[in-house]
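Peer 1: Under the numbering used here, the first residue of the sequence shown is numbered 80, with each subsequent residue one higher. Don't be surprised by glycine CBs; every beta carbon is placed ideally from N, CA and C. Just dropping this structure here.
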Amino acid sequence: MNLTQCIRGGSQDRRNGFIIAFSYDQDVMENLKMAIPHTEREWHEDSKTWWVSVVYEDFLKKQFGNFEALIYLQGTLF
């Protein structure tokens, strides 16, 4: 599965992490919810994105094939 969006961003309480979006897939949703505690993720209904704590970067790398490409490309843009 690939991400449709991935940017570095903060949570509602300003913790570091990633804002991600992907096409709906029940298995991916269950994996995300099982691997990442609710305290380390937030669903943003208005933008249809998730915030995931930076602590779970390795999980995101394994789960989404294009995670590293999207994140490291941002580093060259700014």
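#1: Determine the closest residue to V133 out of L82, I150, E109, with distance taken between C-alpha atoms.
#2: Using only alpha-carbon positions, find the residue among H123, L152, Q91 that is nearest to F101.
#3: If you draw a straight line from the C-alpha of A148 to the C-alpha of Q142, how long is it?
#4: Return the Cβ separation of R120 and V107 in integer angstroms, given the expectation that the two are a contact with Cβ distance under 8 Å.
Peer 2: In short:
#1: Ranking L82, I150, E109 by Cα distance to V133 puts I150 first.
#2: Of H123, L152, Q91, the residue nearest in Cα terms is H123.
#3: Going from the Cα of A148 to the Cα of Q142 covers about 13 Å.
#4: In fact, because the Cβ distance is near 13 Å, the residues do not count as touching under 8 Å.
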